[in-house]
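**Q** Before I ask anything, let me first share the structure, which is written out below as structure tokens.
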Amino acid sequence: MEEIKTHSSMLLPRGRWESYRALHMFHRQSCQYDYFCKNFELHENLVSEEEENSLLEEVEDYLEDLDYEYDHWDNAIHGYRETEKSQWSVKSQAVLRRIRQVAFSSGEQQLSLVHVLDLAQDGYIKPHVDSVKFCGSTITGVSLLSTAIMRLAKQNNPEHWVNVVLKPRSLYVIRDVVRYQFTHEILKDSESSFRGQRLPRARRISIICRNEPS
Ligand code: OGA
Ligand code: MN
921 MEEIKTHSSM LLPRGRWESY RALHMFHRQS CQYDYFCKNF ELHENLVSEE EENSLLEEVE
981 DYLEDLDYEY DHWDNAIHGY RETEKSQWSV KSQAVLRRIR QVAFSSGEQQ LSLVHVLDLA
1041 QDGYIKPHVD SVKFCGSTIT GVSLLSTAIM RLAKQNNPEH WVNVVLKPRS LYVIRDVVRY
1101 QFTHEILKDS ESSFRGQRLP RARRISIICR NEPS
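Listed below in structure tokens is the structure:
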């Protein structure tokens, strides 16, 4: 397994590289590091524990009546239930506003429905690219409940991948070239390790906002 050791000072000030490395693991990626960093963002602790709890309470009301879906072999997602939500409590609206402010520029046409995806402990998301018919150039999601590993891989060369540790209450933003030219996936619990260290994955809920296709 190769890992790049160069480029760090180009984009990240001294000291920031170590914390970046703690959450991003590049595999044969040296030539793409530069544009990956510019088009994939991770914001830790974007949501407080209190906000996480109130978001969870609110989405559980919708999710608890649904069964987890497993049986569609051609689906990208296994072991999941989901909803698209338009009405939110005042508290959650404030969090969603913060998410949208981080990910989108003002005036950008955004999808008003928020996608809530609940992955069971044994659920996972296979490599895919979100449909360009339904989603524009930016996808952003906050992770709740469990740490998970998102892998982003070059579509035309899947050997070039990056593993990213998504901690609970962190927000990722996937933009432009990374959104269109990389697949993204959420690893199964059994594959969930980072730099040789096992990172068990439990049930995880993501709250995802997207912009409109142009
Ligand atoms: C999706 C997806 C990622 C996530 O629903 O298309 O990639 O963070 N979700 O749950
Ligand atoms: Mn997706």
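Those letters in the sequence shown? Residues 921 to 1134, by the numbering used here.
Note that beta-carbon positions come from the ideal geometry of N, C-alpha and C, so glycine has one too.
Model, not experiment: these values are computed from the prediction.
Tell me whether residue 1127 sits in a helix, a strand or coil according to DSSP, three-state version.
**A** Along the sequence shown, read from residue 1 onward, the residue named residue 1127 stands at position 207. If DSSP states are grouped into helix, strand and coil, residue 1127 belongs with the strands.
**Q** How long is the line joining the alpha carbons of residue 979 and residue 1094, rounded to whole angstroms?
**A** Taking the sequence shown and counting its residues from 1, the one referred to as residue 979 is at position 59. Taking the sequence shown and counting its residues from 1, the one referred to as residue 1094 is at position 174. If I take the Cα positions, the gap works out to 23 Å.
**Q** What is the residue span of the alpha helix (DSSP H) that residue 938 lies within?
**A** Here the question's residue 938 lines up with position 18 in the sequence shown. Per DSSP, residue 938 belongs to the alpha helix (DSSP H) from 936-941.
**Q** For residue 1156, which of helix, strand or coil comes out of DSSP?
**A** Residue 1156 is absent from the structure shown; the chain starts at 921 and stops at 1134.
**Q** Using only the alpha-carbon positions, how far apart do residue 1049 and residue 969 sit?
**A** The count along the sequence shown starts at 1 and reaches residue 1049 at position 129. The count along the sequence shown starts at 1 and reaches residue 969 at position 49. Those two C-alpha atoms are separated by around 30 Å.
**Q** Select from 1014, 963, 991 the residue whose C-alpha is nearest the C-alpha of residue 975.
**A** Position 55 of the sequence shown, counted from the first residue, corresponds to residue 975. Here the closest residue by C-alpha is 1014.
**Q** Under the criterion of a Cβ to heavy atom distance below 7 Å, does residue 1104 qualify as lining the ligand OGA?
**A** Residue numbering aside, residue 1104 sits at position 184 when the sequence shown is read from its first letter. Yes.
**Q** Report the option in 971, 1134, 935 whose CA atom is closest to the CA atom of residue 1016.
**A** Numbered from its first residue, the sequence shown carries residue 1016 at position 96. Residue 971 is the option with its Cα nearest to residue 1016.
**Q** Quick one: Cα of residue 1056 to Cα of residue 1035, how far?
**A** Counted from its first residue, the sequence shown places residue 1056 at position 136. Counted from its first residue, the sequence shown places residue 1035 at position 115. So the two alpha carbons sit approximately 14 Å from each other.
**Q** On the DSSP letters alone, give me the boundaries of the beta strand (DSSP E) that residue 1092 sits inside.
**A** Position 172 of the sequence shown, counted from the start, is the residue given in the question as residue 1092. 1091-1095 is the span of the beta strand (DSSP E), which, as asked, contains residue 1092.
**Q** At a threshold of 7 Å, does residue 1035 count as lining the ligand OGA (C-beta to nearest heavy atom)?
**A** For the purposes of this step, residue 1035 is taken as residue 115 along the sequence shown, with counting starting at 1. Yes - the ligand OGA has a heavy atom lying nearer than 7 Å to the Cβ of residue 1035.
**Q** Rounded to the nearest angstrom, how far is the Cβ of residue 964 from that of residue 1126, given a contact under 8 Å?
**A** The residue labelled residue 964 in the question sits at position 44 within the sequence shown. The residue labelled residue 1126 in the question sits at position 206 within the sequence shown. Residue 964 to residue 1126, Cβ: 15 Å. No contact.
**Q** Alpha carbons only, please: which of 1010, 1060, 988, 1046 is nearest the one belonging to residue 960?
**A** Position 40 of the sequence shown, counting from 1, holds the residue named residue 960. Closest option to residue 960, Cα to Cα, is 1060.
**Q** For residue 1054, does the three-state DSSP call read helix, strand or coil?
**A** For the purposes of this step, residue 1054 is taken as the residue at position 134 of the sequence shown. Three-state result, residue 1054: coil.
**Q** Who pairs with residue 1045 in a beta bridge, going by DSSP?
**A** Here residue 1045 corresponds to residue number 125 of the sequence shown, with the count starting at 1. BP columns for residue 1045 point to 997, 1106.
**Q** When the Cβ atoms of the segment 979-995 are set against those of the segment 1111-1123, are three or more pairs found closer than 8 Å?
**A** No contact exists between the segment 979-995 and the segment 1111-1123.
**Q** Return the CA-CA distance between residue 1009 and residue 948, expressed in angstroms with no decimal places.
**A** As a working note, residue 1009 is residue 89 in the sequence shown. As a working note, residue 948 is residue 28 in the sequence shown. Cα to Cα, the separation comes out at about 44 Å.
**Q** Give a single yes or no on whether residue 1019 has its beta carbon closer than 7 Å to a heavy atom of the ligand OGA.
**A** Residue 1019 sits at position 99 when you count from the first residue of the sequence shown. No, the Cβ of residue 1019 stays beyond 7 Å of every heavy atom of the ligand OGA.
**Q** For residue 1156, count the other beta carbons within 10 Å of its own beta carbon; 16 or more makes it buried, fewer makes it exposed. Which is it?
**A** The structure shown does not extend to residue 1156, since the chain is modelled only from 921 through 1134, so no value can be given for it.
**Q** Just to confirm, is the Cβ distance from residue 1066 to residue 1047 under 8 Å?
**A** Along the sequence shown, one-based indexing puts residue 1066 at 146. Along the sequence shown, one-based indexing puts residue 1047 at 127. No, the Cβ-Cβ distance between residue 1066 and residue 1047 is not below 8 Å.
**Q** Could you pull out every residue in the same chain whose Cβ sits closer than 6 Å to the Cβ of residue 1001, ignoring the five residues on either side in sequence?
**A** Counted from its first residue, the sequence shown places residue 1001 at position 81. So the qualifying residues of the chain are 983, 986, 988, 1038.
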